[in-house]
Structures are given as structure tokens and as C-alpha cells.
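A short worksheet on the structure shown next.
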Amino acid sequence: MFNIDDPHQFFREDDDNGEMVYSWTMDKIERKDATVWIMNHFFINPKMDSKKILHDQMKIVMFITQKSHLRVWPLDPLVINYFNDHPDFESIWYHQPSPKNGSI
């Protein structure tokens, strides 16, 4: 398990052969307007079920934000897409991109 008070969260799982299944980190940072979690790159072994792994790990992200009362700034396109596809993450999304309106 993890320590919610640690400003560096690290998550990794390896399979029985020692091969990485997934790995991701979040770091708590101070911004001028808020303290937030920066969610760095999310690595998933391409041999694995990436949708299931991502969905399961996003439950942890939600738990951390609820316990810490801090929002998340995702940097990885995979996670950004997940946030876009799941409206329940809008409330924890720091620095959310402007909504797409179809115009250039």
C-alpha cells in the first residue's frame, strides 16, 4: 500500500516472471494557485490488457485525490483520454483543457 502523506507516489506491478505489467507515478507540487498531484507517464506492458489496468489504477488515483483533497494534473495522453472519457474525473482534474467546440 502507499503512504498518502508521501509527496511521491510510485506504483508498479510485475508479473510472476519479473516483467513489468504497469508503472506510474504522481508527485505533489505547489503551484501559485493550488497544491496538486502531477500524474506523470503511465507505462503499460503492451502484452497486457491496458484498458483493464488503466481502469483499475484510476480507482487508486480517485482514492488518493479524495483522501488528500487535492486535484490531479495528468500529463500522459493515455490518462488525459481516460479523464475525458469518464466525467466523474472532471471534479479532480486540475488544468483541464478547454472543451472542444469543433471550431479552429
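For the record, in the sequence shown the residue sitting at position 18 is 19 according to our numbering, with numbers rising by one throughout. Where is the CB? At the ideal position from N, CA and C, for every residue including glycine.
DSSP state of N41, grouped into three classes?
-> The count along the sequence shown starts at 1 and reaches residue 41 at position 40. Note: N41 maps to strand in three-state DSSP.
Same chain only: Cβ atoms within 8 Å of T66, ignoring 5 sequence neighbours per side = As a working note, residue 66 is residue 65 in the sequence shown. Taken in chain order, the residues that qualify are W38, R72, V73, I93.
Starting from M49 and walking both ways along the beta strand (DSSP E), at which residues does that stretch end?
-> Working through the sequence shown from its first residue, we reach residue 49 at position 48. Looking at the DSSP string, M49 is not in any beta strand (DSSP E), and its letter there is neither H nor E.
Within the same chain, show all residues whose beta-carbon is closer than 6 Å to that of M49, passing over the 5 residues directly before and after it, in chain order.
-> In the sequence shown, the residue the question calls residue 49 occupies position 48. Contacts found: V22.
Which class does F84 belong to by DSSP, given the choice of helix, strand or coil?
-> On the sequence shown, position 83 is the one that residue 84 refers to. DSSP places F84 in helix when its eight states are reduced to three.
Where DSSP assigns a beta bridge to Y23, which residues make up the other side?
-> Taking the first residue of the sequence shown as position 1, residue 23 is located at position 22. The partner list for Y23 (beta bridge, DSSP) reads E14, I45.
Would you call the CB atoms of K68 and I5 closer than 8 Å?
-> As a working mapping, residue 68 is identified with position 67 in the sequence shown. As a working mapping, residue 5 is identified with position 4 in the sequence shown. Contact: yes.
Between the Cα of M63 and the Cα atoms of V80, S24, N18, which residue gives the shortest distance?
-> Taking the sequence shown and counting its residues from 1, one reaches residue 63 at position 62. From the listed residues V80, S24, N18, the smallest Cα separation to M63 is found for V80.
With DSSP run on the structure shown, which of helix, strand or coil describes H96?
-> Along the sequence shown, read from residue 1 onward, the residue named residue 96 stands at position 95. Three-state result, H96: coil.
What residue range is occupied by the uninterrupted beta strand (DSSP E) comprising R72?
-> Within the sequence shown, numbered from 1, the residue matching residue 72 stands at position 71. Note, R72: beta strand (DSSP E), 72-75.
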